[in-house]
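Here's the structure, in structure tokens; my notes come after.
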Amino acid sequence: MSPPTESGLPTIFVLEDEADIARLICSSLAEYGFRCEHLSTGRQLLVRARQHAPDLCIVDLGLPDMDGMQVVRELQEGSPCAVLILTGRNDVTDRVLGLELGADDYIVKPFEPRELVARVRSILRRYQRAAPLEPVERTVARFGNWRFDSSRHTLTAPDGREIGLSAAEAGLLGTLIRRPNKILSREQLLGERDVDPFDRSIDVRISRLRRKLDDDPQNPKLIKTVYGAGYLFASQVSWE
């Protein structure tokens with residue numbers, strides 16, 4: 001694992017109330033070229049994220065002032081960004097809920113620092129690969145009677161309702177609509193070469209995106225499941 005070579009170093013906000021763990025996280029990330037800023041309460045993070053948008057937030061669920069899930073929810077509503085959940089709760093329900101709220105991944109304490117760095121870099125690679133879907137002149141996509149503004153992470157429904165998307169949802173939708181009517185594997189959608197066959201994170205995100213698109217999960221018309229292969233966005237897309 002080699003440090004990033006770009007001159008613009010990614011900024012990571014670390015929300016962790018245990019000082020020793022925060023130091024371990026920040027030193028591990030700094031070794032690989034990331035800028036880190038440590039915050040110890042949820043409110044501090046939410047205020048700071050509004051002042052300066054980070055590339056990614058690492059959010060501990062066990063906080064002194066508020067529940068970490070609420071932090072993830074408010075972060076995605078007010079200052080959408082990539083999120084890695086850090087938790088001591090080894091409960092599948094908590095992990096799925098975090099993904100439902102817009103988190104990109106999670107890691108369970110105690111963790112191996114190199115694994116945390118690898119997950120951070122993996123998440124950021126997904127966002128970097130999704131970046132080309134936002135060309136300067138063409139940031140709005142239309143499909144059917146829907147409108148997707150990639151610069152604002154918003155959907156406009158056929159009836160005019162504006163639906164906010166988390167950064168993870170916007171990135172996933174952008175990946176799908178850039179290659180309409182083509183089957184994309186879970187690895188392609190996650191931006192990974194190798195995905196654990198038991199990793200259901202992409203399925204949770206697809207389910208969440210379908211709900212926002214009013215796409216019947218029992219008989220989806222827009223995001224179709226191709227069993228054993230992946231997902232397909234079944235619509236013509238135009239950019240403006």
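Numbering-wise, the sequence shown is residues 1 to 240 according to the UniProt record's numbering. For every residue, glycine included, the Cβ atom is placed at its ideal position computed from N, Cα and C. Predicted model, so just to flag it, every value in this text is computed and none were measured.
From G160 to N145, what distance separates their C-alpha atoms?
Taking the sequence shown and counting its residues from 1, one reaches residue 160 at position 160. Taking the sequence shown and counting its residues from 1, one reaches residue 145 at position 145. G160 and N145: Cα-Cα distance of roughly 10 Å.
DSSP state of Y127, grouped into three classes?
Indexing the sequence shown from 1 puts residue 127 at position 127. Y127: helix per DSSP, three-state reduction.
Whole-number beta carbon distance between L63 and G88, since they are thought to touch under 8 Å
Within the sequence shown, the letter at position 88 stands for residue 88. Within the sequence shown, the letter at position 63 stands for residue 63. Contact between G88 and L63 does not hold, since the beta-carbon distance rounds to 12 Å and is not under 8 Å.
How many angstroms separate the CA atom of L86 from the CA atom of P158?
The sequence position of residue 86 within the sequence shown is 86, counting from 1. The sequence position of residue 158 within the sequence shown is 158, counting from 1. One C-alpha to the other measures close to 38 Å.
According to DSSP, simplified to helix, strand and coil, what is G98?
The residue given as residue 98 occupies position 98 in the sequence shown. In the structure shown, G98 sits in a helix (DSSP, three-state: H, G or I).
Does D216 pass the burial test, meaning 16 or more other C-beta atoms within 10 Å, or should it be called exposed?
In the sequence shown, the residue the question calls residue 216 occupies position 216. It counts as exposed.
Contact set for C26: own chain, Cβ-Cβ below 7 Å, skip 5 residues either direction
On the sequence shown, residue 26 is found 26 positions in, with the first residue counted as 1. Exclusion of the five residues before and after C26 leaves V14, C36, H38 as the residues of its chain whose Cβ lies within less than 7 Å of its Cβ.
Roughly how many angstroms separate the alpha carbons of R50 and E77, rounded to a whole number?
Counted from its first residue, the sequence shown places residue 50 at position 50. Counted from its first residue, the sequence shown places residue 77 at position 77. Straight-line spacing of the CA atoms in R50 and E77 works out to 11 Å.
Smallest Cα separation from H52: which of S28, L61, V72, S79?
Numbered from its first residue, the sequence shown carries residue 52 at position 52. Put simply, of S28, L61, V72, S79 the residue whose alpha carbon is nearest the alpha carbon of H52 is S79.
List the endpoints of the continuous beta strand (DSSP E) containing S157.
For the purposes of this step, residue 157 is identified with residue 157 of the sequence shown, where counting begins at 1. For the record, residue 157 in the displayed sequence is Ala; it is not Ser. Per DSSP, A157 belongs to no beta strand (DSSP E) and is neither H nor E.
Neighbour-count burial assignment, V47, 16 or more Cβ in a 10 Å radius:
Against the sequence shown, residue 47 aligns to sequence position 47. V47 comes out exposed.
CB-CB length for A141 against H153, believed under 8 Å
Along the sequence shown, read from residue 1 onward, the residue named residue 141 stands at position 141. Along the sequence shown, read from residue 1 onward, the residue named residue 153 stands at position 153. Wrong, their Cβ atoms sit about 12 Å apart, outside the cutoff.
Ranges of the alpha helix (DSSP H) found wholly within the UniProt domain "Response regulatory" (11-124), counting only runs of at least 4:
List check, alpha helix (DSSP H) in window: 19-31, 42-51, 68-78, 92-100.
Local conformation of K212 per DSSP, three classes
Counting from one through the sequence shown, the residue named residue 212 turns up at place 212. Secondary structure of K212 (DSSP, three-state): helix.
Counting Cβ pairs, one atom from each stretch, are 3 or more of them under 8 Å apart for the segment 215-230 and the segment 110-130?
Contact fails: fewer than three Cβ-Cβ distances are below 8 Å.
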